[in-house]
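Sequence positions in the sequence shown follow the UniProt record's numbering and run 1 to 252.
We put the CB at the ideal spot given by N, CA and C, even for glycine.
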Amino acid sequence: MFILLLFIVVVQSKKECPENWTRTRDKCFSPLITQLLDRTAALQRCESMNATLPSIRSAEENKVIMQVLKGERRAIWLSAKRTGKHEFKWIDGSKMTYTNWASKEHDFHNCTTTWAEGEWYAVECDVVARFVVCENKANFNCDFDEYENVNPFWFKKCILPLTEQKFETKIRELSANLEKKFNDNLQENKGKLDSLEKSLKRESEVSILKHKLIEESHNETKSRETLTQEMMKEFKKVEQKFNYMEKVNEYI
Numbered sequence: 001m002f003i004l005l006l007f008i009v010v011v012q013s014k015k016e017c018p019e020n021w022t023r024t025r026d027k028c029f030s031p032l033i034t035q036l037l038d039r040t041a042a043l044q045r046c047e048s049m050n051a052t053l054p055s056i057r058s059a060e061e062n063k064v065i066m067q068v069l070k071g072e073r074r075a076i077w078l079s080a081k082r083t084g085k086h087e088f089k090w091i092d093g094s095k096m097t098y099t100n101w102a103s104k105e106h107d108f109h110n111c112t113t114t115w116a117e118g119e120w121y122a123v124e125c126d127v128v129a130r131f132v133v134c135e136n137k138a139n140f141n142c143d144f145d146e147y148e149n150v151n152p153f154w155f156k157k158c159i160l161p162l163t164e165q166k167f168e169t170k171i172r173e174l175s176a177n178l179e180k181k182f183n184d185n186l187q188e189n190k191g192k193l194d195s196l197e198k199s200l201k202r203e204s205e206v207s208i209l210k211h212k213l214i215e216e217s218h219n220e221t222k223s224r225e226t227l228t229q230e231m232m233k234e235f236k237k238v239e240q241k242f243n244y245m246e247k248v249n250e251y252i
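See the structure below:
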């Protein structure tokens, strides 16, 4: 009986955001767009970039929006709309499992905004907000035989189903890549160590030369002092002889 073994490997995906967009887990948020728009116009602005208005699912995403706003004292639109009494849903129809309402006043209006402080407010949909931030999913660029991850705890990953043969091939590829990275790092670190060793050697040689020069200078100073003392002794001898000769001349 032939048994087919199936393995699953989690591999790194090329999950990217457009340039200057901010990524959080599997989402991308656009830079701040300065434009006075009501909710409908703001949504159209986002859709023109293949994006939509933000649907904030967690405190982490709320913090990212706050960072994008960078303390601006103006509101941006969120995608949530009121669908019934005391009930709001995101633009895709999903329930709001995470909220950060500033007060209960959201019971009386139909659309939602947020400010730099991160608190949400319900407003009428025809008012205008000063800024727009758009949301898009981060792009998964998995290889042909890889599947986009659907596990909410495995962000920025691809699922790769493998037969036993493909599994062995993949392991060899991963091992070869790891070995190459290890060898590259080893060579790089070896070069740094060699450079450091040469630098320390030069410092040691300079230190030895410095001490040698100091010692020679000290010895030269001592020699000069000794020579000066000897010259003073000779000078005193000559002086004594001169004084003696003067006394002798006085008696002649």
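Check: Cβ neighbour criterion (16 or more within 10 Å) applied to residue 43; Outcome: buried
Check: Residues near residue 3 by beta carbon distance below 7 Å, same chain, minus five either side; Outcome: Per-residue confidence for residue 3 stands at a pLDDT of 38, beneath the threshold of 50, marking its modelled position as unreliable; no derived number is given.
Check: Residue 121 beta carbon less than 9 Å from that of residue 274; Outcome: For residue 274 there is no data in the structure shown, the boundaries of the chain being 1 and 252.
Check: Three-state secondary structure (DSSP) of residue 100; Outcome: coil
Check: Three or more C-beta pairs below 8 Å linking the segment 21-30 and the segment 56-74; Outcome: yes
Check: Cut-off 6 Å between Cβ atoms - residues of its own chain near residue 31, not counting five sequence neighbours on either side; Outcome: 20
Check: Inter-residue spacing [alpha-carbon to alpha-carbon] between residue 148 and residue 65; Outcome: Residue placement at residue 148 is flagged as unreliable, the pLDDT there being 45, under the threshold of 50; the coordinate-derived value follows with that caveat. Straight-line Cα distance between these residues: approximately 26 Å.
Check: Whole alpha helix (DSSP H) elements within the segment 23-74, 4-residue minimum; Outcome: 39-47 and 59-69
Check: Euclidean distance between Cα positions of residue 47 and residue 115; Outcome: 22 Å
Check: Boundaries of the beta strand (DSSP E) in which residue 91 is found, first to last residue; Outcome: Run containing residue 91: none; DSSP gives neither H nor E here.
Check: Contact under 9 Å by Cβ, residue 100 with residue 84; Outcome: no
Check: Contacts around residue 88, its chain only, beta-carbon distance under 6 Å, and the 5 residues preceding and following it disregarded; Outcome: 80, 82 and 96
Check: Proximity of residue 132 and residue 76 at Cβ, strictly below 9 Å; Outcome: yes
Check: Reference residue 28; option with closest CA among 52, 39 and 179; Outcome: 52
Check: Unbroken beta strand (DSSP E) run spanning residue 135, endpoints; Outcome: 135-137
Check: Residue from 72, 86, 135 and 74 whose Cα sits closest to the Cα of residue 92; Outcome: 135
Check: Classification of residue 221 by the beta-carbon crowding that lies within 10 angstroms, buried from 16 upward; Outcome: exposed
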